[in-house]
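Chemist: Take the sequence shown: its position 156, counted from the start at 1, is 155 in numbering that gives the first Met the number 0, and no numbers get skipped.
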Amino acid sequence: MTSEQYLEAIPPEKREAILKVENVRKAFGGLIALDGVSMEVEKGKVTIIIGPNGSGKTTLLNVVTGFLKCDSGKIFYKGKEITNKPPHEINRLGLVRTFQIPQPFYNLTVLENLLVASRYNIGESVLNAMRRSKWIEYEKRDLDRATEVMEIVNLSKVADQQASKLSGGQLKLLEIGRALMNGADTIFMDEP
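#1: Mind pulling the alpha helix (DSSP H) runs of 4 or more residues that sit fully within the region 53-88?
#2: Could I get the ranges of all uninterrupted beta strand (DSSP E) runs contained in the region 30-55, with 3 residues as the minimum, in chain order?
#3: Closer than 8 Å by C-beta to L172: which residues in its own chain qualify, once you throw out the five before and the five after it? Chain order, please.
#4: Let me check understanding here. Comparing Cα to Cα, which of L33, M149, K79 lies closest to A109?
#5: Taking a contact to mean a Cβ-Cβ separation below 8 Å, would you say V95 touches A16 in this structure?
#6: In three-state terms, what does DSSP make of V152?
#7: Going straight from the alpha carbon of E190 to that of M129, what length do you get?
#8: Could you tell me whether the region 57-76 touches the region 27-35, where touching means 3 or more Cβ pairs closer than 8 Å?
#9: Which residues bound the beta strand (DSSP E) around R96?
#10: One question on the structure: do E174 and P103 come within less than 8 Å of each other, judged by their Cβ atoms?
#11: Going by the beta-carbon positions, is the gap between L18 and Y76 smaller than 8 Å?
#12: Taking the Cβ atom as the reference point for each residue, do L179 and P101 lie within a distance shorter than 8 Å?
#13: Look up L126 in the DSSP assignment and say whether it is helix, strand or coil.
#14: Residue range of the alpha helix (DSSP H) that V115 falls in?
#15: To the nearest whole angstrom, what separates the beta carbons of K114 and D143, a pair I think is in contact under 8 Å?
#16: Should M0 be labelled buried (16 or more other beta-carbon atoms within 10 Å of its own) or exposed?
#17: Thinking C-beta only, is A162 closer than 8 Å to L107?
#18: Could you spell out the range, first to last residue, of the beta strand (DSSP E) harbouring I186?
#19: Which class does R118 belong to by DSSP, given the choice of helix, strand or coil?
#20: When DSSP labels each residue in this structure, what does Q161 get in the three-state scheme?
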């Protein structure tokens, strides 16, 4: 049974919404960008938000992922309220996003950009340095995952190239790769 068949076999009343947006409002001065937006995103489903330029799609994405604060309303992810939480807290819950204009670390290589994006990177600290075997295990895991992600997004051939040397299309792929590298449950892509 495919995941799609499995999801379709679940009665609508028992399907789980991984994201709930309730009556969200966001204004910039006198301009109302979001006016009582409510929606649900089902777990395991691809959801697309479409609309003309200036209709609030990116603003909604920014509010849900914590890059902007909403003026009113509530946002829930996996049953937890995330309204106006900072992006790093939302990221830790498993919700990441890409940007309309890619924002890589331009002086780092493709591989390094992916490694930095790992949500489980233990980082550098005196405590972690003393646990060398664990540190090496995590580094190997992240390197293996980055290699896999580069294959998925077709960037293996440019793994050692600086992000500043990539084409616009490759930068978009790198942005998607960094979201995948994060190990998130949910990825919001702004104009992929």
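The beta carbon of each residue, even a glycine, is placed where N, CA and C say it ideally should be.
Computed from a predicted model, the values in this text were never measured in an experiment.
Modeler: Concretely, from the data shown:
#1: 56-63
#2: Complete beta strand (DSSP E) runs here, min 3: 30-41.
#3: V152, N153, L154
#4: First, the amino acid is wrong: residue 109 is Val here, not Ala. Comparing Cα-Cα distances from V109 to each of L33, M149, K79, the minimum goes to M149.
#5: no
#6: coil
#7: One C-alpha to the other measures close to 43 Å.
#8: yes
#9: 94-96
#10: yes
#11: yes
#12: no
#13: Helix at L126.
#14: 109-115
#15: Lys is not the amino acid found at residue 114; the sequence shown has Leu there. Not a contact, Cβ separation roughly 11 Å.
#16: Because the pLDDT of M0 is 49, which lies under 50, any placement of that residue in the model is unreliable, and the question is left without a value.
#17: yes
#18: Counting along the chain, I186 sits inside the beta strand (DSSP E) bounded by residues 185-187.
#19: If DSSP states are grouped into helix, strand and coil, R118 belongs with coil.
#20: The answer is strand: DSSP assigns Q161 an E or B state.
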